[in-house]
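Once you know that position 244 of the sequence shown is 247 in the working numbering, the rest is easy, because the numbers rise by one and skip nothing.
Glycine included, each C-beta is placed from N, C-alpha and C at the ideal position.
Keep in mind the model is a prediction, meaning the values are calculated, not measured.
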Amino acid sequence: MERLLLIKYGEIMLKGLNRPVFEKQLERNIKRVLDGTFGYEIFKEHGRIFVAINGDASDYERAADRISRVFGIVTVAFAYRTIPDSSEAIEAAIKVAAEENKKGKTTFKVETRRPNKNFHYKSMEFNALVGEKILEAIEDLSVDVHNPDFTVYIEIRKNIYVYSRTLKAGGGIPVGSSGRGVVLLSGGIDSPVAAYMMAKRGLKLEAVYFHSHPYTTELAKEKVIDLAKILSIYCGGIRLHIVNFTEAQMTIYEKCPHEQLTIIMRRVMMRVAEEIALKNDAGALVTGESLAQVASQTLESLHVTNSAVNLPVFRPLVGMDKYEAIEIAKKIETYEISIRPYEDCCTIFVAKHPETKPRLERILESEKNIDFEGIVKKCLEDIEIILV
Ligand code: ATP
Ligand code: MG
């Protein structure tokens, strides 16, 4: 018998999609989180993916944790594989039950699935037989079919798979099966969450960060790189475009009314991100904006920001409260990085009384004082790209 991870993915959700494409993408994404860290073998069998790791139990823990962050996966189980022989399967079931019992669990049931109809026992018969053998082998266990502390699952296929402990994964759709997007990634709490949510819908993401050295420090940049590192586990690698935004910001600061700085800067950011999107075959922009969460995120300012670009802009946080975003940030482990104190570029150039209900005509009027498209072009010429 050997140890492996048994991976289940969303079969029902798959119905409308192109299944083989989906499965290939999923397999690629699983390999990506393992490559370079683990020696492994991966194989498929009828709606399941299996991964065997070269390593011990703790390597399996780490590998399972990484795999559970790959979108498209529903659960990852710690399983044993045996040849299609009942006594081998029983031995594996006893081993699984003993492992659960060690954690203080005392009641169980057995659930057999038998896609391989050549197997000698019917599912119900095998449940009873395995249950009996477990009871014989481990003293302080008893059967409870209604509310067991744990279930021993047995899947009888070409081989037999036996498992109990299962990690819940993120669900969603494999990254790369819904096209590409560009996320405007600041060092804040919200945009990493927005990236996570769109990756979950299968978008392959490029990230863009607007850096205003020396008004923003190297530490602020490091913070965004660290956020991108965490996101890259979910996103299957991420390319971070770091735009030198200092000159753009200075120009806007000198030439435009200060209460409009934030909104005009945001419009330039959107346009630059749109150009990066078009160059990289991406069809959407993603931001961490919400409605009415802060003074600058009013309906009016969202409209004015939007008007700078033609691509659709996804704002997956639009219907969320701050604490809901924080909850997700904690779950995906970006929160602790996001709350590091380094300022992002906008906080330095914020006016005392920023306009909260900007009108597009007036903003366009102010933008006549600057060469808007020229600024965008200059930004595009001064980008550092980091593969995370
Ligand atoms: P976040 O927590 O993501 O920083 P926020 O609540 O602070 O968002 P704003 O500062 O108004 O909101 O920014 C709105 C959105 O604009 C961000 O979610 C992000 O997508 C984008 N953004 C802001 N500043 C930058 C920046 N320096 N680089 C890249 N994107 C940015
Ligand atoms: Mg912010």
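Cβ-heavy atom distance, residue i to the ligand MG, below 7 Å
i	result
S189	yes
Closer than 7 Å: residue i CB and nearest the ligand ATP heavy atom
i	result
M272	yes
F213	yes
Q300	yes
G184	no
E262	no
S235	no
T290	yes
R269	yes
D229	no
D38	no
V307	no
D88	no
I386	no
S310	no
Alpha carbon of residue i to alpha carbon of residue j, nearest angstrom
i	j	result
T169	T78	6 Å
S126	T115	5 Å
D193	E364	29 Å
E262	I255	11 Å
L208	G175	15 Å
M201	T154	34 Å
N143	V211	According to the sequence provided, residue 143 is Asp. The question's Asn does not apply to it. Cα-Cα distance, rounded: 57 Å.
D62	I56	7 Å
R22	I70	20 Å
H356	F46	59 Å
V312	L187	13 Å
R160	I93	15 Å
L390	E135	55 Å
G322	A197	12 Å
L291	H306	In the sequence as displayed, the identity of residue 291 is Gly instead of Leu. So the two alpha carbons sit approximately 15 Å from each other.
E158	L320	40 Å
E44	V54	6 Å
F81	L138	22 Å
Contacting residues, own chain, Cβ-Cβ under 6 Å from residue i (five flanking each side not counted)
i	result
A251	V271, I378, C382
L206	S181, G184
A95	M4, Y83, T85, V165
Y156	E114, Y166
I267	I255, C259
I52	I10
A66	F41, I56
A354	H261, E262, L264
Cutoff 8 Å; reference residue i; Cβ partners in own chain excluding five residues on either side
i	result
V203	The question names Val, yet the displayed sequence has Lys at residue 203. For K203, where only same-chain residues beyond five positions count, the Cβ hits under 8 Å are F74, G173, G174, G175, I176, Y237.
I388	R242, L243, H244, I245
G286	G182, R183, G184, A280, L314, P315
L29	Y12, I52, V73, G75, I76, P177
E303	T359, K360, P361, R362
I233	P195, I335, E336, T337, I340
Residues bridged to residue i [DSSP beta-bridge criterion]
i	result
E387	I245
T169	A80
I10	I52, V79
Nonlocal neighbours in the same chain, by C-beta distance under 7 Å from residue i, ignoring five residues either side
i	result
P151	T110, F111, K112
K108	D152, F153
Within the region 190 to 264, ranges of the beta strand (DSSP E) (whole runs, at least 3 residues):
207 to 214, 242 to 247
Within the region 126 to 166, ranges of the beta strand (DSSP E) (whole runs, at least 3 residues)
153 to 159
Going along the chain, which unbroken runs of the alpha helix (DSSP H) with 4 or more residues stay wholly within the region 35 to 117?
60 to 70, 89 to 105
Counting only runs that start and end within the region 282 to 358, where is the alpha helix (DSSP H) found for 4 or more residues in a row?
Under the rule that a run must span 4 or more residues, the alpha helix (DSSP H) segments found entirely inside the region 282 to 358 read 302 to 309, 325 to 334, 338 to 341, 348 to 351.
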